[in-house]
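J.:
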Amino acid sequence: MKKILIGFLSVVILVIVGIRIWYVNKDVDHPPVHTFNMGEEVAIEEDIFLDDTENSDGYTITVHRGEMMSYEEFLAKYHYQNSASSPLFEEGDSSFPEMVYELHVTVKNTNTIEDDPNDETSFGFFDYHLVGTDFLLQISRELNEIANPALKDNEMMSFRLRPETEMDFHLPYYFAPSSKIEPIEVKDIRKDHIYLVVSLYPNVKRILIE
């Protein structure tokens, strides 16, 4: 009888908690989600990720193509010779990129005002993630330096283009099928819809990668 009572009380508590969660969230306004296709030029406008100091108004981004490859294929693509004495990744490194999903993108500054001292617009890839149903891929800083030698590491966070200019980038996102912490299989990538998220607030803007 005691076990039945405890079980009943547990169910009641779960129901009460569920109702409370629903009540707290029922009036939450979720930002509208705008989905774009590869090849479309997406204007960032006044949308941001998390920091209200972000200002990429006038910048646009276009995703041209995506390509999946192994770590070894990536190094071969850029003719990079990994040093045995000073490798890019140490043995057992949790960020070792077994597989790479690389995006070719173009960033453009459509602003037309030259040398405006009050112009604080900038662009950066720090928050640009590839997002699937239940996974998130980040850019590998080490591989980014190989794919974009003109872009310094700290410029992933913020850089500026001259008005009415554009620049191409190759963004190397990584994942590891054999990871013991967060394994992501190639088949998980291939069968899922994945998006490059370019803003979160007040509008979610994302680009479907196909």
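Convert by adding 39 to the 1-based position in the sequence shown; the result is the number in the working numbering. Glycine residues also receive a C-beta, built at the ideal position from the N, C-alpha and C atoms. Everything numeric in this text was worked out from a predicted model, so none of it was measured.
1. With a threshold of 6 angstroms (Cβ to nearest heavy atom), would Ile178 be considered close to the ligand SAM?
2. Where does Arg201 fall in DSSP's three states?
3. DSSP beta-bridge partners for Asp207?
4. Span of the alpha helix (DSSP H) holding Phe113?
5. Roughly how many whole angstroms lie between the Cα atoms of Leu7 and Tyr140?
6. Would you check if there are 3 or more beta carbon pairs closer than 8 angstroms linking the segment 71-90 to the segment 108-125?
7. For the alpha helix (DSSP H) containing Leu190, name the first residue and the last one.
8. Determine the closest residue to Thr101 out of Glu221, His209 and Ala123, with distance taken between C-alpha atoms.
9. Near Pro241, what residues of its chain come up, given a Cβ to Cβ distance below 7 angstroms and the 5 sequence neighbours on each side ignored?
10. Am I right that Ser143 and His103 are in contact with their C-beta atoms under 8 angstroms? What's the rounded C-beta distance?
11. What do you get for Asn183, buried or exposed, if any count of 16 or more other CB atoms within 10 angstroms of its CB means buried?
12. Do Thr99 and Leu247 come within 7 angstroms of each other at the CB atom, strictly closer than that value?
13. How many Å lie between Leu239 and Gly105 at the Cα?
14. Tell me which same chain residues have a C-beta within less than 6 angstroms of the C-beta of Pro188, skipping the five on either side of it?
15. Give the DSSP-derived three-state secondary structure of Lys244 in the structure shown.
16. Are Asn150 and Gly78 close, meaning C-beta to C-beta below 7 angstroms?
17. Helix, strand or coil for Asn183, going by three-state DSSP, please let me know.
T.: Working from what's here:
1. The ligand SAM is not among the ligands present in this structure, which contains no ligands whatsoever.
2. Look at Arg201 here: in three-state DSSP terms it is coil, with no helix or strand label.
3. For Asp207, which the question treats as bridged, DSSP gives the partners Thr145.
4. Element bounds for Phe113: Tyr110 to Lys116.
5. Residue numbering for the chain in the displayed model covers 40 to 249; residue 7 lies beyond these limits and cannot be assessed.
6. Touching, no, given that fewer than three Cβ pairs across the two stretches are closer than 8 angstroms.
7. Unbroken run through Leu190: none, as it is neither H nor E.
8. Residue His209 is the option with its Cα nearest to Thr101.
9. Hits under 7 angstroms: Pro70 and Asp86.
10. It should be pointed out that residue 143 corresponds to His in this sequence rather than to Ser. Confirmed, about 5 angstroms.
11. Flag for Asn183 reads buried.
12. No; because the gap between Cβ atoms is not below 7 angstroms, this pair is not in contact.
13. Going by the C-alpha atoms only, they are around 22 angstroms apart.
14. There are no such residues.
15. Strand, per DSSP.
16. In this structure, Asn150 keeps its C-beta atom at 7 angstroms or more from the C-beta atom of Gly78.
17. It is helical.
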